[in-house]
Amino acid sequence: MLAASALTNADWYLMRSSGVVALVLLTASFVLGVATFRRWRPMELPRFVTASLHRSVSLLAVVFLAAHVVTAIADPYAVLGLAAAFIPFLAGRNAFWVGLGAVSLDLFIALILSSLLRARIGARAWKTIHWTAYLSWPLALAHSFGTGSDAGALWLRAVGASCVVAVGAAVVWRLAAPRFKHLEPRAVSL
Amino acid sequence: MRTPRTSRTQSAPDRNRGSRFVRHANRQTAVAAGVATAVLAGAIGTGAVSGTTPTSSTTSTTGTSTAATITKSSSSATTSESSSKRAASTSTVAAASAPTTTTSTAVASSGGS
């Protein structure tokens, strides 16, 4: 009976786990983005390594975000239609917190599309969208703590706190960067 | 006179090393993320971590007593809000579908005797 229950709720479990992993990957992408700006070189490797990791981790986050969204739509209890996954505050349950997730998702989609179309939209517009898309991380964090089934669980709080510490450290590191010309960000496509 | 190949030649090993590192890191990250998702989903499903299963989803329609269903629902009170609501939602359905003839049968039988 337990096995039958697990299979019945498999999409619910997958939705929750993929959401947590997507948050961790978004955090890693955020930190690597800052590291790219700082021209960080892990183990004296070439600089393109950091940018490549930033790009691939972001794309991996897209995969897990897609899994999170698809399973959320498939879950009848979540009452999340296809439109509510992309249009904020339309969800039938926890509309505000789910809406924050939708905004975060939209920003991430804009980030991907702008990176794919970077040659057409120009570096200035691309950079504006790219920096704006960094807002998707705090929105995703608020979404996970506001509406997640595990919002009150200690393990999720620990994961969230770790993400906050990582991003906070990266932001401090970024703000401490000297404003030299050679530290200006180069265009890094996603 | 041929010019010596300097920077380009010297940076080639570095580029190869960097490319290998990126490929390796990408593979490791993807595998780690996939394994983490599966393990976490399993942990949630088996109740190894808190806020887990809607316990009354295992409600059997053979349970005739509404009181039994309520007991199951209250046993999930320690889970998070969503889990409780989900469990309550499921138990409500179970209660609605449960046969209600138990009490009346008892009354009828007691009246008969």
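Top line first, the protein sequences correspond to chains A and B.
For the first sequence, the positions run 64 to 253 when my numbering is used.
For the second sequence, the positions run 46 to 158 when my numbering is used.
Heads up, the beta-carbon is just placed ideally off N, CA and C, and yes, glycines get one too.
| request: Quick one: grab the DSSP three-state call for W103 (chain A). | output: coil
| request: Run the CB neighbour count on K117 (chain B), radius 10 Å, all protein chains shown included, and call it buried at 16 or more, exposed below. | output: With a pLDDT of 34 at K117 (chain B), under the threshold of 50, the predicted position of this residue should be treated as unreliable, and no value is reported.
| said: So with CB distances below 7 Å, who are the chain A contacts of A57 (chain B)? | reply: By Cβ distance, chain A contributes nothing, its closest Cβ being about 11 Å from A57 (chain B), past 7 Å.
| In angstroms, rounded to a whole number, what distance separates the CA positions of P99 (chain B) and A214 (chain A)? | Low local confidence applies: a pLDDT of 49 at P99 (chain B) is under 50, so the model's placement there is unreliable, and no value is given.
| Of the residues that make up the region 80 to 93 of chain A, which ones have a beta carbon closer than 7 Å to any beta carbon in chain B? | S80, S81, V83, V84 and L88
| request: Pull up the CB-CB distance for R79 (chain A) and S212 (chain A), whole angstroms please, since I reckon it's below 8 Å. | output: 6 Å
| said: Looking only at its chain, what residues have a beta carbon closer than 7 Å to the beta carbon of L145 (chain A), apart from the 5 residues adjacent to it on each side? | reply: I136
| query | Residues of chain B with CB under 7 Å from P109 (chain A), in chain order? | reply | D59, R60 and G63
| query | In this structure, does DSSP put N157 (chain A) in helix, strand or coil? | reply | coil
| request: Below 8 Å on the Cβ atoms is my guess for L202 (chain A) versus L163 (chain A); work out the distance and round it to an integer in Å. | output: 5 Å
| query | Where does A143 (chain B) sit, in a helix, a strand or coil, going by DSSP? | reply | With a pLDDT of 42 at A143 (chain B), under the threshold of 50, the predicted position of this residue should be treated as unreliable, and no value is reported.
| Should P105 (chain A) be labelled buried (16 or more other beta-carbon atoms within 10 Å of its own) or exposed? | exposed
| query | Is the beta carbon of R220 (chain A) less than 7 Å from the beta carbon of V97 (chain A)? | reply | no
| message | For the alpha helix (DSSP H) containing I150 (chain A), name the first residue and the last one. | response | Per DSSP, I150 (chain A) belongs to no alpha helix (DSSP H) and is neither H nor E.
| task | Could you tell me whether the Cβ atoms of W160 (chain A) and S177 (chain A) are closer together than 7 Å? | result | no
| query | Whole-angstrom Cβ separation of V84 (chain A) and A229 (chain A), contact assumed at under 8 Å? | reply | V84 (chain A) to A229 (chain A), Cβ: 15 Å. No contact.
| request: Would you kindly work out how many angstroms separate the C-alpha atoms of A158 (chain A) and P241 (chain A), rounded to a whole number? | output: 42 Å
| request: Helix, strand or coil for R79 (chain A), going by three-state DSSP, please let me know. | output: helix
| Using a Cβ-Cβ cut-off of 7 Å (strictly less than) and excluding sequence neighbours within five positions of W103 (chain A), which residues of its own chain qualify? | T113
| field | The alpha helix (DSSP H) enclosing R181 (chain A), as first and last residue numbers | value | R181 to I184
| query | What do you get for F155 (chain A), buried or exposed, if any count of 16 or more other CB atoms within 10 angstroms of its CB means buried? | reply | What sits at residue 155 (chain A) in the sequence shown is Gly, not Phe. G155 (chain A) should be labelled exposed.
| said: Please classify S158 (chain B) as buried or exposed, where buried requires at least 16 neighbouring CB atoms within 10 angstroms. | reply: With a pLDDT of 28 at S158 (chain B), under the threshold of 50, the modelled position of this residue cannot be trusted, and the question is left open.
| Does any residue of chain B bring its CB to less than 7 Å from the CB of L122 (chain A)? | no
| task | State the Cα-Cα distance for the pair A186 (chain A) and Q73 (chain B), rounded to the nearest angstrom. | result | 32 Å
| request: Indicate whether at least one CB of chain B lies closer than 7 Å to the CB of S199 (chain A). | output: no
| query | With burial defined as no fewer than 16 other Cβ atoms inside 10 Å of the residue's Cβ, what is the status of H131 (chain A): buried or exposed? | reply | buried
| query | Are the C-beta of V112 (chain A) and some C-beta of chain B separated by less than 7 Å? | reply | yes
| If you count every other CB in all the chains shown that lies within 10 Å of the CB of P151 (chain A), and 16 or more means buried, which is it? | buried
| message | Contact criterion: CB-CB distance below 7 Å. Does S115 (chain A) meet it with respect to chain B? | response | yes
| query | Which residues bound the alpha helix (DSSP H) around A86 (chain B)? | reply | S52 to T91
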